[in-house]
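Student: This is the structure I want to talk about, given as structure tokens.
In the working numbering, the protein residues as written are 866 to 1123.
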């Protein structure tokens, strides 16, 4: 049976809602990581392609929320400032998304698991990359390509984007806003690309739209408690969970390929 044609049971729906609540809460609190947590959690009990399709609408709407939380003008200014990185990211997402249907499921899990694990480990150990101003355009193209490739294949382009913004010394408020803009633009392209590939279709879209409800509650709760949390400790705990999730995906990918 084609993995895109499936009927989620009440248990699967319940677990999917729980995964989305946790993922959106984390995004509301620290500004990123929702797609990684969702794909890691959903792919534990769904085939790879329906799991990817399920996160599309929550990702799109949550990034719309984040990008324009501070107003339209600051969001447009951020888009102009980071236009090269954004352009490279979007082009590579559109191109690499076409590979999803042709990749073995095990390869997709393994690739995603390694990407999530490596970037999360880099953040956990506190490794900080620095990009001097005269290397900015090179970083735009290089990191934008890596982010776009992982985004097109698995809907995850947050970790390299977070690393990039830290490397160019983006201020905290600007970094959160830029993440929203970048993630929103990438999400639009990703949805369009997977309408073309057939990953997002009449069978997979209903679950994705259903998960908008827990996403709204999770984002609201995460933003509500954001100022009350020790952000450094919370981020470290979140990244530790992502390391485990990435390793679990890589394990599943190896088992499937084997």
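Glycine included, every Cβ here is placed at the ideal spot set by N, Cα and C. The structure presented is a predicted model; accordingly, all values stated were derived computationally and were not measured.
#1: Using a beta-carbon distance below 9 Å, is residue 881 in contact with chain B?
#2: Who are the near neighbours of residue 1009 in its chain, counting only those whose CB is closer than 6 Å to its CB and skipping five residues on each side?
#3: With distances taken between CB atoms, is the gap from residue 1192 to residue 1084 smaller than 9 Å?
#4: Alpha carbon to alpha carbon, what distance is there between residue 886 and residue 1075?
#5: So residue 930 is in the alpha helix (DSSP H); what residue range does that whole segment cover?
#6: Return the Cβ separation of residue 896 and residue 1044 in integer angstroms, given the expectation that the two are a contact with Cβ distance under 8 Å.
#7: Could you compute how far the alpha carbon of residue 1031 sits from the alpha carbon of residue 963?
#8: Quick one: what's got a C-beta closer than 7 Å to residue 1105's C-beta in the same chain, skipping five residues either side?
#9: Quick one: grab the DSSP three-state call for residue 995.
#10: For residue 1057, collect the residues of the same chain with a Cβ closer than 8 Å to its Cβ; drop the 5 residues on either side in sequence, then sort them by chain order.
#11: Distance check for residue 1042 and residue 1127, CA to CA, integer angstroms please.
#12: Measure the CB-CB distance between residue 971 and residue 1062 and report whether it falls below 9 Å.
#13: Am I right that residue 1012 and residue 925 are in contact with their C-beta atoms under 8 Å? What's the rounded C-beta distance?
#14: In chain order, what are the residue ranges of uninterrupted alpha helix (DSSP H) at least 4 long that sit wholly in the stretch 965-1029?
Tutor: On the basis of the coordinates in this document:
#1: Judged by its chain identifiers, the structure shown contains no chain B, having just a single protein chain.
#2: 950, 953 and 954
#3: Residue 1192 is absent from the structure shown; the chain starts at 866 and stops at 1123.
#4: 12 Å
#5: 921-932
#6: 5 Å
#7: 30 Å
#8: 989
#9: coil
#10: 959
#11: The displayed coordinates of the chain run from 866 to 1123. Any statement about residue 1127 would go beyond what the structure contains.
#12: no
#13: Actually they are not in contact, since the Cβ atoms of residue 1012 and residue 925 sit about 17 Å apart, beyond 8 Å.
#14: Positions of the alpha helix (DSSP H) runs, each at least 4 residues long and wholly inside the stretch 965-1029, are given as 970-989 and 1001-1019 in order along the chain.
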